[in-house]
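Q:
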Amino acid sequence: MNVDKDSIILGIESSCDDTSAAVLINGVMYSNVTANQSIHQKYGGVVPELASRAHQENIVPVVSAALKEANVSVSDLTSIAFTRGPGLLGSLLVGTSFAKSLSLSLNIPLIEVHHMKAHIHAHFIKEKKEDKPTPKFPFICLTVSGGHTQIVWVENPLQMEIIGSTIDDAVGEAFDKAGKILGLGYPAGPIIDQLSKKGNNKKFDFTYPKAGEFNYSFSGLKTQFLNFIRKNEQKDKNFTKDNIHDICASYQSHLVSYLLKNLEKAIKMHPCKDIALAGGVSANLHLRKEFEKLGKSLGRNTFVPKISYCTDNAAMIAMSGKFMEEKGVFADLSTSASARIPMN
Ligand code: KG4
Ligand code: ZN
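Structure (structure tokens):
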């Protein structure tokens, strides 16, 4: 079908273990298709070689499904936005090579997207007939995922500055590694979130690692958690089983209050009216609730993404692409995937 529109962007995401494609027509999302990779569950974490192989299998069917759902053909596309990084190199290479080949064969512009900026751009995804408020620039965004934990000053769609970040593990890893210790599935974040609902979050105490003004450290917390479980299991071999809800609720609540403690300091030092959450861990119900409370107590407007746009998806990549297209920021075919890219 020929679509008479100005901007039809295909977004492609392949930075970790989700292969995703989305179509954005004049800034409105028409499709967002994601293939999750269940292969990693039995290993308790993402295995990079398996992720790369699964992306190679998934990319063509996922892109085809996204085009079909949006009712556009490949020749209707006006540009292609893809995740250049940060992420797993073998995974990024699949999306990058696919996007470059398609851009070359269709002779349309290529847009390279920063994955962490795209998580923040998820707030601006507009669905058909939707008119929801979006954060006003500048704003502060706490971006929390499986690979990153950052407090970001968002000056405008393309200009962002990291105010604070983790000095070691990401908070998503702190959830996933605790889940592994508890024998839960992968990714453990959503499972801990669910189990916590029936738990007492004040039952067990943990301490706050120090990492500098607005920074975080989660690797010490993981060890603290492992020692806590080991010590209690030595006294009572049924400790974990009998206390699973309280353990999850207490640990989750500790991670959330640690995240918000530094965020509160950052907000007080960097005044802005709006504050936001982004990234996979922003799907966490306790974090969302406590974040709203924090915003209220500080008199700020709070923005949380729709649950489906928290974890990795291509709609946010296409949205980043739209912001960059508007500013005429395009890549050339010499671009390549990169596991680490600075925010600016
Ligand atoms: O943003 P994302 O999909 O991928 C990365 O860019 O890393 O985030 C994945 C992370 C995983 O660590 C997963 O356990 C965590 O987000 N996560 C959650 C929840 N949903 C996903 N953590 C806590 N509560 C949740 N509901
Ligand atoms: Zn992500």
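Going by numbering that gives the first Met the number 0, the residue at position 301 of the sequence shown is 300; the numbering climbs one at a time, nothing skipped.
For each residue, glycine too, the CB sits at the ideal point set by N, CA and C.
Values in this document were obtained by computation on a predicted structure and should not be read as measured data.
1. Rounded to whole angstroms, what's the CA-CA distance from Lys234 to Ser51? Just pull it up for me.
2. DSSP three-state label for Tyr185, please.
3. Can you determine whether any heavy atom of ligand 1 sits closer than 8 Å to the C-beta of Phe174, and answer yes or no?
4. Mapping the DSSP letters down to three states, classify Ile228 as helix, strand or coil.
5. Which of the three DSSP states is assigned to Ile8 in this structure?
6. Taking the alpha-carbon positions, what's the Lys128 to Glu56 distance?
7. Hey, quick one: how far does the beta strand (DSSP E) through Thr33 stretch, first residue to last?
8. By alpha-carbon positions, which one of Phe217, Pro60, Ser256 and Pro304 ends up nearest to Lys131?
9. With a threshold of 8 Å (Cβ to nearest heavy atom), would Leu286 be considered close to ligand 1?
10. Is the stretch 161-170 in contact with the stretch 139-152, if contact means three or more CB pairs nearer than 8 Å?
11. Is it the case that the CB of Thr33 approaches a heavy atom of ligand 2 more closely than 8 Å?
12. In or out: Phe136 buried (at least 16 other Cβ within 10 Å) or exposed?
13. Hey, would you say the C-beta of Pro186 is under 8 Å away from at least one heavy atom of ligand 1?
14. Quick test of your reading: Ala21 and Ala275, contact by CB under 8 Å. State the CB separation rounded to the nearest angstrom.
15. Pick helix, strand or coil for Ile316, following the three-state DSSP scheme.
16. Taking buried to mean at least 16 other C-beta atoms within 10 Å of its own C-beta, is Pro134 buried or exposed?
17. Relative to the alpha-carbon of Lys288, which residue among Met318, Ile79, Ile228 and Gln251 has its alpha-carbon at the smallest distance?
18. Output the distance between the C-alpha atoms of Tyr42 and Gly327, rounded to the nearest integer angstrom.
19. Helix, strand or coil, according to DSSP, for Gly84 in the structure here?
A: Once the coordinates are examined:
1. In the sequence shown, counting from the first residue as 1, residue 234 sits at position 235. In the sequence shown, counting from the first residue as 1, residue 51 sits at position 52. Approximately 43 Å, taken between the alpha carbons.
2. Translated into positions along the sequence shown, residue 185 becomes position 186. Coil, per DSSP.
3. Along the sequence shown, read from residue 1 onward, the residue named residue 174 stands at position 175. Phe174 Cβ: within cutoff of ligand 1.
4. By one-based count along the sequence shown, residue 228 stands at place 229. Reduced to three states, the DSSP call for Ile228 is helix.
5. For the purposes of this step, residue 8 is taken as the residue at position 9 of the sequence shown. Reduced to three states, the DSSP call for Ile8 is strand.
6. Sequence index remark: in the sequence shown, residue 128 carries index 129 (1-based). Sequence index remark: in the sequence shown, residue 56 carries index 57 (1-based). Each residue's Cα considered, the two are about 34 Å apart.
7. Numbered from its first residue, the sequence shown carries residue 33 at position 34. Start and end: Val27 to Asn35.
8. As a first step, residue 131 is located in the sequence shown; it is residue number 132 there, counting from the start. Looking at the Cα atoms, Pro304 is the closest of the given residues.
9. Reading the sequence shown from its first residue, position 287 is the one you call residue 286. Yes, ligand 1 has a heavy atom inside 8 Å of this Cβ.
10. Cβ pair count under 8 Å is three or more, so yes.
11. Along the sequence shown, one-based indexing puts residue 33 at 34. Checking every heavy atom of ligand 2 against the Cβ of Thr33, none is found closer than 8 Å.
12. Position 137 of the sequence shown, counting from 1, holds the residue named residue 136. The residue is exposed, with fewer than 16 neighbouring Cβ atoms inside 10 Å.
13. The residue you call residue 186 lines up with position 187 of the sequence shown. Checking the Cβ of Pro186 against ligand 1 gives yes.
14. Position 22 of the sequence shown, counted from the first residue, corresponds to residue 21. Position 276 of the sequence shown, counted from the first residue, corresponds to residue 275. Their Cβ separation, rounded to whole angstroms, is 20 Å, which puts Ala21 and Ala275 out of contact at 8 Å.
15. What you label residue 316 is simply residue 317 of the sequence shown in a count that begins at 1. Correct three-state label for Ile316: helix.
16. If you number the sequence shown from 1, residue 134 lands on position 135. With 16 or more Cβ atoms within 10 Å of its Cβ, Pro134 is classed as buried.
17. As a position in the sequence shown, residue 288 is number 289, starting the count at 1. Closest option to Lys288, Cα to Cα, is Gln251.
18. Taking the first residue of the sequence shown as 1, we reach residue 42 at position 43. Taking the first residue of the sequence shown as 1, we reach residue 327 at position 328. The straight-line gap separating the alpha-carbon atoms of Tyr42 and Gly327 is approximately 43 Å.
19. Stepping through the sequence shown from its first residue, residue 84 is reached at position 85. Of the three classes helix, strand and coil, the one that applies to Gly84 here is strand, per DSSP.
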